[in-house]
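Written below as structure tokens is the structure these notes are about.
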Ligand SMILES: [Zn+2]
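Numbering (the numbering used here), first residue to last: 441 to 827.
Here you go:
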């Protein structure tokens with residue numbers, strides 16, 4: 441694929457401004473103003489440098505949806521601690537392919553940044569990146585320089601402008617790392633998929649100062665690992681337009697490859713989900729009441745089930761807990777918190793601060809910081825099964 445990859449998904453407004461918490465999504469928002477170009481990923485490095493990159497033959501089979509699926513042929517490197525290898529994928533460039541079945545919620549990558557940059561600096565971006573790169577370890581530096589880039593200034597010759605190339609590589613590949621932006625060469629190999637097509641999500645952890653990538657759903661041996669570069673809760677046309685403009689590729693993921701009728705249905709669901717999120721956010725200013733807000737969350741959940749869109753559910757359930765606690769509905773707050781624990785654990789790991797925080801609400805709803813801020817009301821719990 442295009443070596444593209446960004447690192448940030450756009451984020452809906454929380455139902456209450458005070459409810460804003462670091463989530464897998466919000467944490468991946470680049471805040472560097474001078475990073476005009478969203479991050480994109482490219483061919484890395486660590487694998488090449490360490491000799492772990494393996495030549496792999498693939499059979500490209502077309503699924504019923506028309507999306508290419510790859511079967512990993514030779515059973516390679518079973519001793520490799522990673523459950524994936526970097527592989528050349530027909531028509532997509534490099535990507536990560538599972539070398540064994542990966543379970544939902546499994547940690548697949550834990551990576552420190554090669555370097556990070558602050559959100560504001562008086563130094564010129566070009567000079568800053570060059571300085572940090574010079575200080576990085578040589579293997580990492582070599583890896584960085586093998587990453588691809590887009591949006592290089594017109595009229596400049598890359599050969600004679602290495603500092604500008606370094607900046608372009610950074611701008612193309614950087615992802616948010618808390619209040620900073622960083623480059624993560626291994627994770628940068630992940631290609632993009634829309635809606636239900638992406639199967640891994642990443643989270644920055646402030647405490648560990650590392651990026652964590654977890655499986656959002658079960659991944660079979662031979663399947664490509666895909667994350668998402670943007671908010672894909674929009675129509676295929678809009679997604680493709682954005683991805684083409686920002687990352688320079690036409691998305692051919694399983695969802696973008698649906699036939700016209702199926703794609704239209706998917707667009708309707710995704711647009712509906714986005715509209716419902718907008719409706720939910722209006723609880724924050726009192727435009728809708730607690731019962732309506734909870735009903736909206738349940739509608740989002742149902743529509744996401746139909747679409748197969750599973751990401752951001754920890755946050756959605758935590759919003760439910762927030763609303764229930766605000767209205768002093770302890771039983772509902774507990775149920776929403778339990779649901780949030782389940783999905784935060786899948787997306788961000790059981791030892792994530794998000795999980796530890798919402799566990800307190802599950803055991804003591806009255807201790808929630810929003811407890812009793814709104815009028816007492818029985819708002820209701822999740823309609824979903826399998827809490
Ligand atoms: Zn797509």
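Idealized CB from N, CA, C, for every residue including glycine. Quantities reported herein were computed from a predicted structural model and do not represent experimental measurements.
- Here residue 618 has 644 and 646 as same chain residues with Cβ atoms under 6 Å from its own Cβ, once five neighbours each way along the sequence are excluded.
- Judged by DSSP in its simplified three-state form, residue 643 adopts strand.
- Here the alpha carbons of residue 552 and residue 579 stand approximately 14 Å from one another.
- By the C-beta density criterion, residue 806 is exposed, having fewer than 16 other C-beta atoms within 10 angstroms.
- If you check the C-beta of residue 637 against ligand 1, you find a heavy atom less than 7 Å away.
- For residue 590, there is no enclosing beta strand (DSSP E), as DSSP marks it with neither H nor E.
- Set against 7 Å, the gap from the CB of residue 633 to the closest heavy atom of ligand 1 is smaller.
- Unbroken alpha helix (DSSP H) runs of no fewer than 4 residues, entirely contained in the region 641–700, are found at 676–687, following chain order.
- Taking the CA atoms as reference points, residue 734 sits about 21 Å from residue 794.
- Residue environment for residue 596: exposed (fewer than 16 other C-beta atoms within 10 angstroms of its C-beta).
- According to DSSP, residue 538 shares a beta bridge with 524.
- Annotation for residue 770: 805 place their beta carbon closer than 6 Å to its own, counting only its chain and skipping 5 residues before and after.
- For residue 679, the Cβ falls inside the 7 Å cut-off from some heavy atom of ligand 1.
- Bounds of the alpha helix (DSSP H) holding residue 731 are 730–747.
- The beta carbon of residue 816 sits closer than 7 Å to those of 767 and 768, all from its chain and outside the five residues before and after it, given in chain order.
- At the C-beta level, residue 664 and residue 613 stay beyond 8 Å of one another.
- Under the DSSP definition of a beta bridge, residue 547 partners with 654.
- DSSP lists 621 as the beta-bridge partner residues of residue 557.
- Beyond the five residues adjoining it in sequence on each side, residue 780 comes within less than 7 Å, by CB distance, of 754, 757, 758, 761 and 798 in the same chain, given in chain order.
- Taking 8 Å as the cut-off, the Cβ atoms of residue 656 and residue 627 do not count as close.
- Boundaries for residue 530: no alpha helix (DSSP H) harbours it, and the DSSP string shows neither H nor E there.
- Within 7 Å of the C-beta of residue 641 there is not a single heavy atom belonging to ligand 1.
- Shortest gap from the CB of residue 590 to any heavy atom of ligand 1: 7 Å or more.
- By the CB criterion at 8 Å, residue 790 and residue 776 fall outside the cutoff.
- Not one heavy atom of ligand 1 is found less than 7 Å from the C-beta of residue 795.
- Per DSSP, residue 719 has no beta bridge partner at all.
- In this structure, residue 635 sits away from residue 717, with a CB-CB distance that is not shorter than 8 Å.
- Boundaries cannot be given for residue 751, as no alpha helix (DSSP H) includes it and DSSP labels it neither H nor E.
- The C-alpha of residue 714 lies about 43 Å from the C-alpha of residue 575.
- Contact check between the region 562–573 and the region 601–608: three or more CB pairs, one atom from each, fall below 8 Å, which counts as touching.
- One Cα belongs to residue 684, the other to residue 611, and the distance between them is close to 16 Å.
- Contact between residue 680 and residue 691 holds: their C-beta atoms lie close to 5 Å from each other, under 8 Å.
- A straight line joining the alpha-carbon of residue 588 with that of residue 598 spans about 12 Å.
- Counting along the chain, residue 785 sits inside the alpha helix (DSSP H) bounded by residues 770–788.
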